[in-house]
Amino acid sequence: ASESDERLSIFDIAFKLPKVYGDTLDIGTDKENLAKWAVTGALTAGLIPYDEEIYLETQRLGRRWNISTVDNLKPLIKVGKITVLRGPTDFSSGLYFLGDGWVQLTTASAFLLTGYALDATRPINTGIELFTGLTASTIASQVLKRISGREGPAARTERGGAWRPFPSYNAYQKSRTTYDAFPSGHVMVSTLTFTIIRGNYPEFESILFPAQVIYLTALGFGMLNNGIHWAGDYPLGIMLGYLFGKASLRMVDVKNKLSADKPTALLDPDIFPAIGAEGSLTTNFKWVF
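Residue numbers (our numbering): 1 to 289.
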């Protein structure tokens, strides 16, 4: 995005929330994204039957590497009896904390405050898009979690975790780990955060994409190792984060064609015919990072 782009207002976090939902639906139903949905569905269907084995093997690796297999996040800030912030106390809980909402909110705040301090449009818009995308996607994921009602690994009562769709409000609030595994909200908001930052700063794509892969891999391992999520919870989380991230980038109309609709580099290799040195027809394959 350039400094000539429309500058978003802090109030757009609320006012443009309906637009983000509409654009998410529009992008998600675009025929160009059918292949992504097919991959998401195939991965989910392929992983779920083996979730138990993947979980147990991940924990075996954790023990072999001397990584705790227990969620050791501890309350850091409490208001009365309500825990406002839980923080990591070891390497294992640190991996899990990578996907915590506080990390994403801190990232959004950093962009926003930097933008206001420097009177710079791009970081301001990035921060507001992050806040809006995080709000919209979190609401959506909570609805999906309550629809699916899947047990997390640590709370499982059967192999691969039981599915209890549409639990009552009280049942869900009383025992979240019994119902909130699918899809992974931590993976979703982390994917969303990277999608928005990459869309606003395409000149750093060669750094940001590998960073995203490493980040999500570490987070995914940490949550499996701690018994928070199954591997089958991840594909839909990634897809939702991608869609809500792309929709959030559309909050600024000027960026619609500059970044929000720009394909993800690694998903779009370029294959084209060419004439070889001796006049023979060849095929060139170009994969741009």
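Virtual Cβ for every residue (Gly too), placed ideally from N, Cα, C.
Cβ shell of residue i (< 6 Å), same chain only, five flanking positions each side left out
i      : result
Gly99  : His186, Ser190 and Leu219
Phe15  : none
Thr114 : Pro123
Gly62  : Thr69 and Asn225
Pro235 : Thr40, Leu43 and Thr44
Glu52  : Arg159 and Gly160
Tyr179 : Gly149, Pro167 and Tyr172
Strand pairing of residue i, partner residues [DSSP]
i      : result
Phe79  : One detail in the question is off: residue 79 reads as Val in this sequence, not Phe. Looking at the DSSP assignment, Val79 forms a beta bridge with Ile82.
Trp102 : Answer by DSSP bridge pairing: none, since Trp102 is not bridged.
Gly87  : Lys74
Trp230 : The partner list for Trp230 (beta bridge, DSSP) is empty, contrary to what the question assumes.
Trp163 : Arg150
Asp23  : Bridge partners of Asp23: none, in fact.
Asp253 : According to DSSP, which records beta bridges pairwise, Asp253 is partnered with nothing at all.
Alpha helix (DSSP H) segment containing residue i, residue limits
i      : result
Ser141 : Thr121 to Ser148
His186 : Gly185 to Asn200
Asn33  : Asn33 -> no alpha helix (DSSP H), and no H or E assigned at all.
Leu292 : This structure gives no information on residue 292, because the portion of the chain shown stretches from 1 to 289.
Ala171 : Tyr169 to Lys174
Pro153 : Counting along the chain, Pro153 falls outside any alpha helix (DSSP H), and DSSP gives it neither H nor E.
Asn48  : Inspection of the sequence shows that residue 48 is occupied by Ile rather than by Asn. No alpha helix (DSSP H) contains Ile48, which DSSP labels as neither H nor E.
Asp12  : Asp12 to Phe15
Beta-carbon gap between residue i and residue j smaller than 8 Å
i      : j      : result
Pro183 : Gly237 : yes
Val213 : Leu8   : no
Ile196 : Leu112 : no
Thr193 : Thr107 : yes
Ala247 : Asp23  : yes
Lys74  : Thr89  : yes
Ala154 : Thr177 : yes
Own chain residues within Cβ distance below 8 Å of residue i, not counting five before or after
i      : result
Asp12  : Ile128, Thr132 and Met251
Leu17  : Thr132, Thr135 and Ala136
Ile54  : Leu47, Leu224, Trp230 and Ala231
Trp102 : Leu85
Ala211 : Phe194
Same chain, Cβ closer than 7 Å to residue i, five either side skipped, listed in chain order
i      : result
Asn226 : Thr69, Val70, Asp71, Ser92 and Tyr96
Ser259 : Unreliable positioning characterises Ser259 in this predicted model, as indicated by a pLDDT of 45, which lies under 50. The coordinate reading is nonetheless provided below. Excluding positions up to five away in sequence, the list reads Ala1, Gly199, Asn200, Pro202 and Leu249.
Asp26  : none
Gln59  : Thr69 and Asn225
Closer than 7 Å: residue i CB and nearest the ligand PLP heavy atom
i     : result
Phe15 : By its list of ligands, the structure shown contains no ligand whatsoever, and the ligand PLP lies outside what it can speak to.
Handout entry: Stretch pair the stretch 227–246 + the stretch 112–120: three plus CB contacts closer than 8 Å
Key = Pairwise C-beta distances place the stretch 227–246 out of contact with the stretch 112–120, as fewer than three of them are shorter than 8 Å.
Practice task
Evaluate contact between the stretch 77–97 and the stretch 197–208, counting only Cβ atoms and requiring at least three cross-stretch pairs below 8 Å.
Solution key: Because the criterion of three Cβ pairs below 8 Å is not met, the stretch 77–97 and the stretch 197–208 do not touch.
Exercise for the section: Please determine if the stretch 126–136 and the stretch 152–165 are in contact, where contact requires at least 3 C-beta pairs separated by less than 8 Å. Expected result: No, because fewer than three Cβ pairs between the stretch 126–136 and the stretch 152–165 fall closer than 8 Å, the two stretches do not touch.
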